[in-house]
Amino acid sequence: MKDLDNTKKIAVLIDAENAQHSVLSAVLGELSKHGHILVKKAYGDWSSSYLSNWKTPLNELAISPVQQFSYTSGKNSSDAAMIIDAMDLLYSDKFDAFALVTSDSDFTKLASRLRESEIYVFGVGEAKTPIAFRNACDDFIQTEVLRDVEQDDDIEQISKSPSSPAPLSRQDLCCDTRLLNMLRKAIREYADDEGWALLSVSGGLIKRQHPDFDPRTYGYSTLTKLIEATELFEVDKKPSGKSHLHVVYVKDPKG
Numbered sequence: 000m001k002d003l004d005n006t007k008k009i010a011v012l013i014d015a016e017n018a019q020h021s022v023l024s025a026v027l028g029e030l031s032k033h034g035h036i037l038v039k040k041a042y043g044d045w046s047s048s049y050l051s052n053w054k055t056p057l058n059e060l061a062i063s064p065v066q067q068f069s070y071t072s073g074k075n076s077s078d079a080a081m082i083i084d085a086m087d088l089l090y091s092d093k094f095d096a097f098a099l100v101t102s103d104s105d106f107t108k109l110a111s112r113l114r115e116s117e118i119y120v121f122g123v124g125e126a127k128t129p130i131a132f133r134n135a136c137d138d139f140i141q142t143e144v145l146r147d148v149e150q151d152d153d154i155e156q157i158s159k160s161p162s163s164p165a166p167l168s169r170q171d172l173c174c175d176t177r178l179l180n181m182l183r184k185a186i187r188e189y190a191d192d193e194g195w196a197l198l199s200v201s202g203g204l205i206k207r208q209h210p211d212f213d214p215r216t217y218g219y220s221t222l223t224k225l226i227e228a229t230e231l232f233e234v235d236k237k238p239s240g241k242s243h244l245h246v247v248y249v250k251d252p253k254g
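Be aware that the sequence shown starts at 0, since it is given in numbering that gives the first Met the number 0, and climbs by one per residue.
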């Protein structure tokens with residue numbers, strides 16, 4: 000896959016019939032951290048009352064709506080339009096990454112096809128999104144970790160909001176066998192002779208193996224804070240030479 004540190008051109012395709020308009024701004028803000036968004040398109044039957052609330056966010060965020068009438072009741076005909084456009088954009092050879100905003104597993108094959116062409120694929124959807132689609136992406140972002148920030152502009156209020164994901168306690172984290180196995184395997188994979196591993200490298204392995212992994216789903220803003228909260232690992236922060244930045248190393252005492 001292409002290294003996003005060196006590539007900036009992203010196409011964002013939104014399945015409006017399987018996405019939420021309330022998180023669009025936060026989604027675009029998250030994706031902008033990884034590069035420059037060149038294309039923003041949303042697909043759906045805009046004559047339907049079901050999508051009536053999308054007009055304002057589409058206009059404000061300069062997202063181009065693509066009309067696709069539903070030919071048959073109960074069938075989502077916009078899927079085909081989105082897939083065709085994705086392939087056209089792929090063959091234009093202008094993009095380094097695609098973001099598929101949907102909770103629909105029907106786009107699993109599309110994600111796989113884009114990756115076969117060495118295109119980095121972001122999946123953006125709800126926690127209910129089937130695991131097949133999550134794993135077909137390079138990076139899957141859960142909208143639940145973005146929703147609270149989007150719905151409240153007051154940072155102080157956000158931290159106090161009962162709907163915000165509260166950080167899991169040390170006990171809860173230590174009872175999460177899947178989480179601990181992910182962390183330990185990634186750290187041991189890159190550990191040096193003394194057991195220390197560069198956290199950024201270990202974190203990259205976790206993301207490749209588990210595209211839907213995000214420390215924010217556990218209530219922590221960074222992987223460093225999540226690991227520190229478990230109190231199971233040794234953490235060493237060394238100055239990187241840049242102001243206020245550190246290189247983080249981590250060690251598993253049981254390794």
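No residue lacks a Cβ here, since even glycine has one placed at the ideal position from N, Cα and C. These numbers were taken from a predicted model, which means no experiment stands behind them.
In this structure, Gly43 places its C-beta atom within 8 Å of the C-beta atom of Gln67. Residue environment for Thr55: exposed (fewer than 16 other C-beta atoms within 10 angstroms of its C-beta).
Annotated three-state conformation of Leu172 is helix, per DSSP. Judged by DSSP secondary structure, Tyr248 falls within the beta strand (DSSP E) whose first and last residues are His245 to Lys250. If you check the CB distance, Phe97 and Leu113 come in under 8 Å.
Ile118 and Asp95 have their alpha carbons spaced roughly 6 Å apart. Counting along the chain, the unbroken alpha helix (DSSP H) around Lys54 starts and ends at Lys54 to Glu59.
Secondary structure within the region 201-239: the beta strand (DSSP E) runs of 3 or more consecutive residues, fully enclosed, are 233-238 (chain order). Nearest to Leu60 by C-alpha distance, out of Trp45, Ile36 and Ala80, is Ile36. Taking C-alpha positions only, Asp191 is separated from Lys250 by approximately 10 Å.
Contact between Leu50 and Ala15 holds: CB atoms are separated by about 6 Å, below the 8 Å threshold. In the displayed model, Lys32 falls within coil according to three-state DSSP, outside both helix and strand. For Leu197, there is no enclosing alpha helix (DSSP H); the enclosing beta strand (DSSP E) covers residues Trp195 to Leu197.
Taking C-beta separations shorter than 7 Å and ignoring five residues to either side along the sequence, the partners of Gly218 in its chain run Pro164, Ala165, Pro166 and Leu167, following chain order. The three-state reading of DSSP puts Ser63 in strand, counting E and B together.
Note that the C-beta distance between Gly202 and Leu222 is below 8 Å. Counting along the chain, Lys93 sits inside no alpha helix (DSSP H), nor does DSSP assign it H or E at all.
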